[in-house]
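Visitor: Counting from 202, one number per residue, gives the positions in the sequence shown under the numbering used here. The structure that follows is given in the form of structure tokens.
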Amino acid sequence: MKKTTILAAIVASSTALTAFAHGGATGIVKDRMDAMAEMGKAVKAVTPMMRGEAAYDADVLRQAAATFSRHAGEAMTQLFPEGTGGAPSEAKETVWTQWEEFSELAERLGVIAEGLAGAADNGLMSSNGGAGMMGNGAMMGNSAMMGGGAMMDGGMMTAEQIASMPADGAFTMVTQVCSACHTKFRTESQ
202 MKKTTILAAI VASSTALTAF AHGGATGIVK DRMDAMAEMG KAVKAVTPMM RGEAAYDADV
262 LRQAAATFSR HAGEAMTQLF PEGTGGAPSE AKETVWTQWE EFSELAERLG VIAEGLAGAA
322 DNGLMSSNGG AGMMGNGAMM GNSAMMGGGA MMDGGMMTAE QIASMPADGA FTMVTQVCSA
382 CHTKFRTESQ
């Protein structure tokens with residue numbers, strides 16, 4: 202249930218963002234809206250596989266991971282120079298007032314995307330007879346934290362640790378980072 206809600210919200214948000222992106226945005230604001238729309242399309246392409254509604258394709262998942270990686274970290278933060286808030290941007294002022302947290306989420310997306318690419322060949326947990334990582338609220342014996350920042354032995358999971366997970370678990374971590382960032386740093390479309 203939780204997985205479906207998060208994924209549905211991200212897909213709906215990305216669809217709305219895509220429609221809005223051509224509503225007068227120019228320059229760096231349009232560039233970042235385009236980047237977000239590209240990541241939203243990647244989520245939308247992979248979500249049916251994660252739900253078991255489409256055949257699993259590791260190559261499609263790796264392509265999505267490459268999209269997330271391409272727009273993560275410094276590539277993401279460079280799209281948010283100070284003074285680029287306000288309409289038509291959907292960025293909240295908290296992007297700049299809480300820059301360190303915003304930057305950490307952007308970096309975290311890169312780590313998780315790298316792990317997701319590595320996890321692509323692992324398949325889905327549900328196809329391996331497990332209960333599935335998506336929506337169960339725990340990974341590696343600890344609670345998943347908002348932001349896809351699952352803890353392991355007191356520290357954030359590395360890309361290598363994420364790569365050893367089932368692909369749906371790694372994908373859930375990506376969507377959690379997206380959701381955490383959108384919740385704190387993005388205004389909702391009207």
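Every residue, glycine too, gets a C-beta built ideally from N, C-alpha and C.
1) Taking the alpha-carbon positions, what's the residue 363 to residue 371 distance?
2) Let me know if residue 248 comes out buried or exposed under the rule of 16 or more other beta-carbons within 10 Å of its beta-carbon.
3) Specify the secondary structure class of residue 292 as computed by DSSP and reduced to three states.
4) For residue 367, which of 358, 242 and 323 has the nearest alpha-carbon?
5) Give the secondary structure of residue 252 by DSSP, where H, G and I count as helix, E and B as strand, and everything else as coil.
6) Near residue 382, which residues of its chain fall below 6 angstroms by C-beta distance, leaving aside the five closest residues on each side in sequence?
7) Round the Cβ separation of residue 263 and residue 321 to the nearest angstrom and send it over; I've been treating them as touching at under 8 angstroms.
8) Got a sec, what are the start and stop residues for the alpha helix (DSSP H) residue 377 sits in?
9) Residue 319: buried (16+ other C-beta within 10 angstroms of its C-beta) or exposed?
10) Using a 10 Å radius around the Cβ and a threshold of 16 neighbouring Cβ atoms, would you call residue 142 buried or exposed?
11) Using 7 angstroms as the threshold, is the C-beta distance between residue 310 and residue 378 below it?
12) On a CA-only basis, which of 386, 388 and 375 is nearest residue 241? Give me that one, please.
Guide: To lay it out plainly:
1) By 1-based counting over the sequence shown, the position of residue 363 is 162. By 1-based counting over the sequence shown, the position of residue 371 is 170. If you take the alpha carbons of residue 363 and residue 371, they lie about 6 angstroms apart.
2) Position 47 of the sequence shown holds residue 248. With 16 or more Cβ atoms within 10 Å of its Cβ, residue 248 is classed as buried.
3) Along the sequence shown, read from residue 1 onward, the residue named residue 292 stands at position 91. Here residue 292 sits in strand by DSSP.
4) Counting from 1 along the sequence shown, the entry for residue 367 is found at position 166. It is 323 whose Cα lies nearest to the Cα of residue 367.
5) Residue mapping note: residue 252 aligns to position 51 of the sequence shown, counting from 1. If DSSP states are grouped into helix, strand and coil, residue 252 belongs with coil.
6) Here residue 382 corresponds to residue number 181 of the sequence shown, with the count starting at 1. Cβ within range, chain order: 306.
7) Mapped onto the sequence shown, residue 263 falls at position 62. Mapped onto the sequence shown, residue 321 falls at position 120. Correct: roughly 5 angstroms between the Cβ atoms.
8) Within the sequence shown, residue 377 is the residue found at index 176, counting from 1. Residues 368–386.
9) Counted from its first residue, the sequence shown places residue 319 at position 118. Its Cβ being crowded by 16 or more others within 10 Å, residue 319 is buried.
10) Past the boundaries of the shown model lies residue 142; the chain is included only from 202 to 391, so the question cannot be answered.
11) Counted from its first residue, the sequence shown places residue 310 at position 109. Counted from its first residue, the sequence shown places residue 378 at position 177. Yes. Within cutoff.
12) Sequence index remark: in the sequence shown, residue 241 carries index 40 (1-based). Among 386, 388 and 375, the Cα nearest to that of residue 241 belongs to 375.
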